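One structure is given below, encoded as structure tokens.
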Amino acid sequence: MRPIDESLNTWKQSLCRQVDVGGLFSRNSIAHKWKAPFRSLSLRETVAWRAQNLLEQSVALCDADHLLGARILLRSAFETVAVLIYLNQITRKVLEGTLDFHDFSDKTATLLLGSRDDSTPHKSLNIVTILEKCDARYPGMRDLYAKLSESAHPNYEGMAIGYSDVDRESNVVNYRNKWQTMYGQSHLQAVELCISVFCDEYNEEWPEAFEELERWIEGNDAALEATKLGA
232 MRPIDESLNT WKQSLCRQVD VGGLFSRNSI AHKWKAPFRS LSLRETVAWR
282 AQNLLEQSVA LCDADHLLGA RILLRSAFET VAVLIYLNQI TRKVLEGTLD
332 FHDFSDKTAT LLLGSRDDST PHKSLNIVTI LEKCDARYPG MRDLYAKLSE
382 SAHPNYEGMA IGYSDVDRES NVVNYRNKWQ TMYGQSHLQA VELCISVFCD
432 EYNEEWPEAF EELERWIEGN DAALEATKLG A
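Be aware that the sequence shown starts at 232, since it is given in our numbering, and climbs by one per residue.
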């Protein structure tokens, strides 16, 4: 089995199957009377499920020489992982005192429940804006996403470059599917990069920031109660 397949399979087997709200309250009754920590945990696990699913399918399409579909799914995977990166960033801002906790709570609601079709009362955040913020932590992520977007959209690359060659000497346009030729060698490396970023954010950054957030809420609970809406 290839390392990339082992990584995706290990990831799949380790996916969280259940979040026990009562267990969270027992862990820290003060921190977990607030909704934001639960939303943070829910976001983390939802990102894990979606990103693994997208990347597994992206690799399968790549193996079947369906590189356009593989790149579109990889683009979605980077978008998904970006949500976790952004969540960790705004958690750190609360801890640093540069983001109000109640605003943070609202942002977690938007990240978890946001939509563009009015199916929820929360309007989802612009993913490009999120990716720009993620680029500060992972330089080059925004540019990689932009390249994947050129493949996904019916732009110059997604149309003319992906399917045609111009023979200028004979004034003939020849058509063929060029996606495997263009990206067959590099696609799995980009998938591995996405896996690496996810693992860093999921296994290292989120647990540390989450535990610090619990302690921060404990220490600031009285002030939070005094400033919450309707208090």
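From the three backbone atoms N, C-alpha and C, an ideal C-beta is built for every residue, glycine too.
Note that the structure is predicted; figures quoted are calculated from it, not measured.
Assigned exposure category for residue i - 16 Cβ within 10 Å defines buried
i: E439; result: exposed
i: H384; result: exposed
i: R466; result: Coverage of the chain is limited to positions 232 through 462, which leaves residue 466 absent and any answer about it impossible.
i: Y317; result: buried
i: E435; result: exposed
i: A453; result: exposed
i: R233; result: exposed
i: E432; result: buried
i: C425; result: buried
i: A301; result: buried
i: L286; result: buried
i: L460; result: exposed
Separation of residue j from residue i, as counted between CA atoms
i: E237; j: Q320; result: 29 Å
i: E442; j: R270; result: 14 Å
i: W447; j: L326; result: 7 Å
i: T341; j: L272; result: 14 Å
i: N259; j: E445; result: 8 Å
i: W280; j: D251; result: 17 Å
i: D379; j: D337; result: In the sequence on display, residue 379 carries Leu and not Asp. Rounded to the nearest angstrom, the two C-alpha atoms are 30 Å apart.
i: S382; j: F309; result: 14 Å
i: N240; j: D294; result: 16 Å
i: G450; j: R368; result: 28 Å
i: G254; j: S427; result: 30 Å
i: L419; j: W437; result: 26 Å
i: K364; j: Q249; result: 30 Å
i: R347; j: V359; result: 15 Å
i: G328; j: S245; result: 34 Å
i: A291; j: G415; result: 12 Å
i: N398; j: G389; result: Correcting the residue type first, residue 398 is Asp in the shown sequence and not Asn. Cα to Cα, the separation comes out at about 19 Å.
Close beta carbons around residue i, own chain, < 6 Å, minus the five adjacent residues each side
i: C247; result: E276
i: L362; result: A313, R373, Y376
i: D396; result: N405
i: D366; result: M372, R373
i: F429; result: A282, V312
i: Q411; result: D296, L298
Same chain, Cβ closer than 8 Å to residue i, five either side skipped, listed in chain order
i: Y394; result: Y406, R407, N408, K409
i: M413; result: L298, I392, G393
i: F335; result: A267, I321, T322, K324, V325
i: K264; result: F256
i: L455; result: W265, F332, H333, I448
i: I261; result: I448, E449, D452
i: A462; result: Residue placement at A462 cannot be trusted, given a pLDDT of 43 that sits under 50; what the coordinates show is reported in the next sentence. Excluding residues within five positions, the ones whose Cβ falls inside 8 Å are E456.
i: L274; result: V314, L315, L318, T339, L342, L343
Contact set for residue i: own chain, Cβ-Cβ below 7 Å, skip 5 residues either direction
i: E423; result: I235
i: R323; result: A440
i: L344; result: T351, H353
i: W242; result: Q283
i: Q288; result: L304
i: V278; result: T311, V312, V314, L315
i: L330; result: I321, K324
> Which runs of the alpha helix (DSSP H) spanning at least 4 residues fall entirely within the segment 304-385, listed in chain order?
Replying inline: 332-344, 358-365, 372-383
> Taking the runs of the beta strand (DSSP E) that are 3 residues or longer, which of them lie wholly in the segment 392-434?
Replying inline: 395-398, 403-406
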